[in-house]
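So the structure is just underneath, and the comments pick up after that.
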Amino acid sequence: MKVLGIESSCDETGVALYDTERGLLGHAVHTQVAMHEAYGGVVPELASRDHVRRLIPLLERVLADSNCARGEIDAIAYTAGPGLAGALLVGASFAEALAMALGVPAVPVHHLEGHLLSPLLADEVPQFPFIALLVSGGHTQLMRVARVGDYELLGESLDDAAGEAFDKTAKLLGLGYPGGPALAKLAETGKPGRYKLPRPMMNSGDLSFSFSGLKTAVLTAARAAELTEADRADLAAEFQEAVTEVLAAKAVAACRQRRLSSLVVAGGVGANRRLRQRLDAAMAKIGGRVFYPELELCTDNGAMIAFCGAQRLMQGELPALGKGAFAVRPRWPLAEIS
Ligand code: KG4
Ligand code: ZN
C-alpha cells in the first residue's frame, strides 16, 4: 500500500510517499525560513499562502523521485492538527480534494503522533512499549507508548516548550529566527558554568518541566552588563546545559519509573547534539538505549505523516471515502487520540 503524506502545520511544507512493503519511496520538504526571517518569527497568513504555492510542485517532485504515477496512490494522510489553523486548512483541503479525485481514503493525522512514530522509519527500531520524549517548538512531553495509537502522557511542560525556550532565548541573545539551531551553534563555542542558570524542576519528584524561568534568567544576565560575543556564547552554552540536563534526567526517570529500557526522541529539539550526547550517556548507564529519527526527519516533514497514516490504515482504521467534509484542530492534545 502506497500512502502519500502531507504536512503543512507550520512553516514547512512536506510531501512524502511511503510504501508499506518497500518503505519510504520519496520525500521533499520546503522550508519557509527565508520568508519569515525578516519578521523574526512565523507570520501565519504568509505561511498559509506559501503552502498553497508549494504543495503541487512538491507532489510532482516526490512522485517523479518515487517513479510513481498519481493513480498508484492508495491513501492520503495529512496533518489535521495541532498547528496554525490556516496552514492546516491548506494541507487538509489539498489532501481531501486529491483523495476525492483519486477515489482513495484520506486519513487525518495528529502532528505529534507523526513525530512520535518517526524513529520507526529508521533502520533500527525500538520494540513496544517504549518511552517517548517529544521535544518540539510547541510541546515538551514524556509519553509511554504501548503500541501505535496507545499513548499515556507521563509529564509535560507547565509553561514554555523546550523548543520555544530555545527560540525565545535566542532572540534575547540577538540571534535570528529560527533560534534553536542558531543558539545551539553559538553554545558550541562557549563555556558552560561561567554563568549559573537554574535547572528548573530538577527535583520536583515528578515528570513535569518548566522552561520559562530560564529565559528570564538569561534576560537578567543580559541586562546586568553589556555582553561581549564571548559572554553570549557562554550564556548560550549554560542555557543549553540547563535545558538538556533537565530533559535527560526526566527522560531517564520516566524509563526507570516504567521499567523500560528503550527511549525514543522526536521533534525538532531532538536534533540538538548536546541533548543526544546526554541522553545516550544517561540511558547507557541504566542499560538502556535511545532511538532517534534520521536527522532530516527530526523537524517537520511529510514522511512521518505518511508513515503514521499507513500504520493507522494497517490497524484497520478505514476512514470514510470521499466524505467531502473535514475539520482541522489547531489545538489537539495527543492523549485524546488513545
Ligand atoms: O518539531 P519541529 O520542527 O516543529 C514543531 O512541531 O514545533 O520543532 C521546531 C523546534 C524549534 O523550536 C527549533 O528552534 C527547535 O525545534 N530546534 C532546535 C534544534 N533544531 C531545531 N533546538 C535546539 N537545538 C537544535 N539543534
Ligand atoms: Zn513538528
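Numbering (the working numbering), first residue to last: -14 to 323. Heads up, the beta-carbon is just placed ideally off N, CA and C, and yes, glycines get one too. Remember, it's a predicted structure, so these values are computed and weren't measured experimentally.
query: Identified DSSP bridge partners for GLY68; result: According to DSSP, GLY68 bridges with nothing at all.
query: Residue environment, ILE41, which counts as buried when at least 16 other CB atoms sit within 10 Å; result: exposed
query: Sequence-distant residues of its chain with Cβ nearer than 7 Å to MET20 (five each side left out); result: LEU31, ASP35
query: contact_flag[the region 72 to 80, the region 112 to 130] where n(CB pairs < 8 Å) is 3 or more; result: no
query: Beta strand (DSSP E) segment containing ASP135, residue limits; result: 135 to 141
query: Contact belief for GLY71 with PRO29 at Cβ below 8 Å, rounded distance in angstroms; result: 6 Å
query: Whole-angstrom distance between LEU105 and ASP4, CA atom to CA atom; result: 14 Å
query: Touch test, the region 7 to 25 against the region 83 to 92, Cβ-Cβ under 8 Å, three pairs minimum; result: no
query: Check: ASP144 C-beta below 6 Å from any heavy atom of ligand 1; result: no
query: When ASP59, HIS95, VAL231, GLU149 are compared against ASP191, the one with the closest alpha-carbon; result: VAL231
query: C-alpha distance - LYS314 paired with CYS283, whole-angstrom precision; result: According to the sequence provided, residue 314 is Arg. The question's Lys does not apply to it. Those two C-alpha atoms are separated by around 22 Å.
query: C-alpha gap between LYS235 and MET187, whole angstroms; result: 8 Å
query: Opening and closing residue of the beta strand (DSSP E) in which PRO93 lies; result: 91 to 95
query: beta-carbon SER103 near ligand 2 non-hydrogen atom, thresh 6 Å; result: no
query: LEU171 (DSSP reduced to helix, strand or coil); result: helix
query: Spatially closest choice to LEU44 from ILE322, GLN296, PRO166, ALA288, by CA coordinates; result: ALA288
query: Of the listed residues GLY8, ILE61, ASN286, ARG274, nearest to ALA117 (C-alpha basis); result: ARG274
query: beta-carbon ASP285 near ligand 2 non-hydrogen atom, thresh 6 Å; result: yes
query: Bounding residues of the beta strand (DSSP E) (the contiguous stretch that carries ASP4); result: -3 to 4
query: PRO67 CB to nearest heavy atom of ligand 1 below 6 Å; result: no
query: Proximity test, ASN257 beta-carbon vs ligand 1 heavy atom, cut-off 6 Å; result: yes
query: SER121: CB within 6 Å of a non-hydrogen atom of ligand 3; result: Summarising the ligand content, the structure contains ligand 1 and ligand 2 and does not contain ligand 3.
query: Euclidean distance between Cα positions of ALA221 and ARG184; result: 14 Å
query: Local Cβ density within 10 Å of LYS298, reported as buried at 16 or more and exposed below that; result: The identity of residue 298 in the sequence shown is Leu, whereas the question assumes Lys. It counts as buried.
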